[in-house]
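The structure appears right after this line, and notes come after that.
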Amino acid sequence: MSRPLLQLALDHTELNAALLSVEALKESVDIIEAGTILCISEGLNAVRTLRKVCPNHTLVADLKVADAGETLAEQAFGAGANWMTVICAAPIATVAKAHSVAQKYQGEVQIELFGRWTLEDARAWRDIGVKQAIYHRGRDAQASGQSWSKEDLNNMAALAELGIALSVTGGITPADLHLFKDIPVHAFIAGRALSDAAEPARIAEAFHQQISAIWGNK
Ligand code: 5RP
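Per this note's numbering, residue -14 is the first one in the sequence shown, and the count goes up by one each step.
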């Protein structure tokens, strides 16, 4: 299994606050995400600004698109995103339109897995060319006490078996990473654990140490 990457999710309501996190963490993370909260609060200007500030990072527009796949993908990739999220409940036509625009920009669509979806859906996404998905424990679900279950781990393994590169997110901390030790995770996405930390770079280092201890350095 190759070494999972570390993705910083920026879920600030103000771009200036997000940029402070970026300044503190950009050297410590592999991927930067304009989170849904940031995109809704500040619009695609957040993606455009992050592209300028981090010209060499992989940049994600976490729009969780449900419809108008072509138009929204044009907006996201045109603003400088490399990857854009589409919600798993979106019609396959929306996924296909977004994927086709992503290809035009040499980008990728990531399917955001919340709530209800099936492995049959996952095969349909894969069959139209989608390569990535995000396994997500929602922030509200976490707050209501939902933890990572055996069923989650089985679902992750089944998705990886289909050849889908899987990112994992939802209140993840360095202490949680061992739970996923048997899963070929592509990236761990962390928001609050990094941005809300008193010493963000130290927490990023703790993520990397745990990743190296579990998955090695390659
Ligand atoms: C919320 C998101 C978040 O960006 C993602 O869950 C990471 O944030 P946190 O680590 O704070 O849960 O997509 O919908």
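Glycine included, C-beta positions come from ideal geometry on N, C-alpha and C.
- In this structure, T154 has its beta carbon less than 7 Å from a heavy atom of ligand 1.
- Ligand 1 never approaches T43 closely enough for any of its heavy atoms to be under 7 Å from the residue's Cβ.
- About 15 Å separates the Cβ atoms of I119 and H84, ruling out a contact at the 8 Å cut-off.
- A contact is defined here as three or more CB-CB pairs under 8 Å, and the stretch 90 to 106 meets this definition with respect to the stretch 67 to 76.
- The shortest C-alpha to C-alpha distance from E146 to any of A107, L(-9), S132, G155 is the one to A107.
- DSSP places E97 in the strand class (E or B) of the three-state scheme.
- In the same chain as P185, and ignoring 5 residues on each side of it, the C-beta atoms closer than 7 Å to its own belong to S6, A9, L10, L179, in chain order.
- Every unbroken stretch of the alpha helix (DSSP H) spanning 4 or more residues and falling wholly within the stretch 29 to 115 is given here in chain order: 30 to 38, 54 to 63, 77 to 89, 104 to 112.
- Residue burial annotation: G176 is buried, with at least 16 other C-beta atoms found within 10 angstroms of its C-beta.
- Measuring C-alpha to C-alpha distances from H(-3) to each of A31, K82, H171 identifies A31 as the nearest.
- DSSP links I16 through a beta bridge to Q(-8), T43.
- In this model, D52 and Q60 are separated by some 13 Å (Cα to Cα).
- Note: S152 is bridge-paired with I119, A172 in the DSSP secondary-structure output.
- The C-beta distance from I22 to H42 rounds to 19 Å, too long to meet the 8 Å contact threshold.
- Looking only at P(-11), S(-13), L(-7), M(-14), the smallest Cα-Cα distance to D181 is reached by L(-7).
- H121 is the residue among H121, E(-1), P76 whose C-alpha sits nearest the C-alpha of G100.
- Judged by the Cβ position, E18 qualifies as a neighbour of ligand 1 at the 7 Å threshold, a heavy atom of the ligand being closer than this.
- Taking C-beta separations shorter than 7 Å and ignoring five residues to either side along the sequence, the partners of V86 in its chain run E55, A58, E59, F62, following chain order.
- The beta carbons of L(-9) and A172 sit about 7 Å from each other, so the pair counts as a contact at 8 Å.
- One thing to note: A19 has its Cβ no nearer than 8 Å to the Cβ of A2.
- At the C-beta level, W133 and M(-14) stay beyond 8 Å of one another.
- Excluding residues up to 5 positions away in sequence, S(-13), R(-12) lie with their Cβ nearer than 7 Å to the Cβ of K203 in the same chain.
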